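Let me begin by presenting the structure, written as structure tokens, before commenting on it.
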Amino acid sequence: MAQTSLQGKLVVITGGAGEIGAATARVLGAEGAHVVIVDRLQPDVDRVVAELTSSGAQASGLAADVISATDSSQFMAAAASLGGGRIDGVFANAGVLGAIGSIEEHDDDDFARVLAVNVTGVYLTLKHAIPHMGRGGAIVATGSTGSVFGTAGLAPYVASKHAVLGLVRSVAKEVSDRGIRVNCVCPGPVDGSMMGAIEDAFGGRAQARELFEATVPLGRYANSSEIAQMVWFLMSDRSSYITGGHFLVDGGQRA
Numbered sequence: 005m006a007q008t009s010l011q012g013k014l015v016v017i018t019g020g021a022g023e024i025g026a027a028t029a030r031v032l033g034a035e036g037a038h039v040v041i042v043d044r045l046q047p048d049v050d051r052v053v054a055e056l057t058s059s060g061a062q063a064s065g066l067a068a069d070v071i072s073a074t075d076s077s078q079f080m081a082a083a084a085s086l087g088g089g090r091i092d093g094v095f096a097n098a099g100v101l102g103a104i105g106s107i108e109e110h111d112d113d114d115f116a117r118v119l120a121v122n123v124t125g126v127y128l129t130l131k132h133a134i135p136h137m138g139r140g141g142a143i144v145a146t147g148s149t150g151s152v153f154g155t156a157g158l159a160p161y162v163a164s165k166h167a168v169l170g171l172v173r174s175v176a177k178e179v180s181d182r183g184i185r186v187n188c189v190c191p192g193p194v195d196g197s198m199m200g201a202i203e204d205a206f207g208g209r210a211q212a213r214e215l216f217e218a219t220v221p222l223g224r225y226a227n228s229s230e231i232a233q234m235v236w237f238l239m240s241d242r243s244s245y246i247t248g249g250h251f252l253v254d255g256g257q258r259a
């Protein structure tokens with residue numbers, strides 16, 4: 005039977021201080037992984053690491069900017085050194101929503117920022133992680149239902165998440181001969197700050213939330229831990245024959 009425990013595995017999580025990143029760190033840490041939290045601000049990194057270690061998990065933290073090639077190279081090398089020279093898993097999760105509005109209204113600099121974080125950040129994360137993975141291991145990138153469907157008012161974000169899925173599919177084929185699996189988790193609406201910002205832009209929180217939840221057959225938003233469970237599955241040997249895939253965790257919204 006496939007083993008689900010990640011005992012002794014070293015897993016790097018970018019955007020690890022965010023809601024989905026931290027929730028995933030809790031799940032993977034509880035499964036025995038040594039979790040390396042990467043995020044931009046050291047206090048945020050320290051907060052999550054302290055929470056994990058206080059619960060008995062093994063965790064380390066590094067402050068870095070995923071859009072910097074130098075930072076990406078350095079934090080992956082540092083993470084590998086914590087794992088005896090090897091990285092076993094990567095959750096490329098850092099991302100931003102960006103501004104909300106029609107393409108005619110959109111600020112060009114904001115568009116560039118969304119692509120930099122959501123696309124270049126994932127590209128650099130994968131590029132600099134894979135040399136430390138040797139044979140085997142798993143990579144999961146955070147996409148969105150926007151990786152496969154369009155949404156009015158979110159063109160830059162949706163374009164970036166389409167690109168993430170393109171990276172996942174291509175890199176999965178590049179590294180398959182090394183036994184490295186690469187997949188994309190695609191959340192629908194998740195209770196938290198990102199959906200809060202979308203609600204604010206679409207008529208106010210209470211009214212917009214009611215409208216958005218009505219589009220979900222399960223009738224509610226996901227919580228971050230439900231996304232984390234899919235990441236755990238894709239990191240584990242339970243998904244040993246799965247690569248290059250995208251997995252909607254959306255309560256049936258896009259069924």
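Those letters in the sequence shown? Residues 5 to 259, per our numbering, in order.
By construction, the Cβ of each residue, glycine as well, lies at the ideal position given by its N, Cα and C atoms.
It should be emphasised that the depicted structure is a prediction, and the values quoted were computed from it without experimental measurement.
Same chain, Cβ closer than 7 Å to residue i, neighbours up to 5 away in sequence not counted
i, result
"S151", "K165, H166, V168, L169, C188, C190, H250"
"F153", "R258"
"V235", "T28, F95, V144, V189"
"V162", "G150, G154, T155"
"Y225", "P193, V194, D195, M199, E217"
Below-8 Å beta-carbon distance, residue i vs any chain B residue
i, result
"A81", "The structure shown has no chain B; it contains just one protein chain."
Span separating the alpha-carbon of residue i from that of residue j
i, j, result
"Q211", "A201", "13 Å"
"A84", "S243", "23 Å"
"Q257", "T149", "9 Å"
"G93", "T57", "19 Å"
"S106", "G208", "18 Å"
"A142", "T28", "14 Å"
"A240", "G140", "The question names Ala, but residue 240 is Ser in the sequence shown. Those two C-alpha atoms are separated by around 11 Å."
"V175", "L66", "25 Å"
"S180", "Q11", "23 Å"
"G60", "A37", "11 Å"
"G19", "F115", "19 Å"
"F216", "S197", "15 Å"
"F237", "A156", "31 Å"
"H136", "P193", "34 Å"
"E55", "V220", "32 Å"
"G248", "A205", "34 Å"
"A82", "G89", "9 Å"
"G223", "V172", "30 Å"
"L45", "I17", "14 Å"
"E35", "V253", "21 Å"
"V53", "S64", "6 Å"
"G25", "L130", "17 Å"
"E23", "E178", "31 Å"
"I104", "Q62", "38 Å"
"G147", "V49", "22 Å"
"M80", "I91", "8 Å"
Environment of residue i [buried if 16+ CB atoms lie within 10 Å]
i, result
"K13", "buried"
"R185", "buried"
"T74", "exposed"
"P47", "exposed"
"G255", "buried"
"A133", "buried"
"M5", "Because M5 sits at a pLDDT of 42, beneath the cut-off of 50, its placement in the model cannot be relied upon, and the following sentence gives the value as read from the coordinates. When all chains shown are included, M5 counts as exposed."
"Y245", "exposed"
"A218", "exposed"
"S9", "exposed"
Close Cβ partners of residue i (< 8 Å) along its chain, the five nearest in sequence each way excluded
i, result
"R51", "A21"
"R117", "V100, G102"
"I71", "A120, V121, T124, G125, L128"
"Q78", "A68"
Close Cβ partners of residue i (< 6 Å) along its chain, the five nearest in sequence each way excluded
i, result
"N122", "G99, S164"
"E203", "R209, A212, R213"
"R182", "R139"
"A159", "I107"
"G87", "L14"
Checklist entry - Which runs of the beta strand (DSSP E), 3 residues or longer, sit entirely within the stretch 161–230? => result 185–191
Next on the checklist: At 3 residues or longer, what runs of the beta strand (DSSP E) sit wholly inside the stretch 74–149?
Outcome noted: 93–96, 142–146
Item to check | beta strand (DSSP E) runs wholly inside the stretch 48–76, at least 3 long, in chain order | outcome: 62–67
Item to check | contact_flag[the stretch 31–45, the stretch 218–237] where n(CB pairs < 8 Å) is 3 or more | outcome: yes
Checklist entry - Quick one: any contact between the stretch 37–45 and the stretch 109–119, if contact means 3 or more CB pairs under 8 Å? => result A contact between stretches requires three or more CB pairs, one per stretch, nearer than 8 Å, and the stretch 37–45 fails this requirement with the stretch 109–119.
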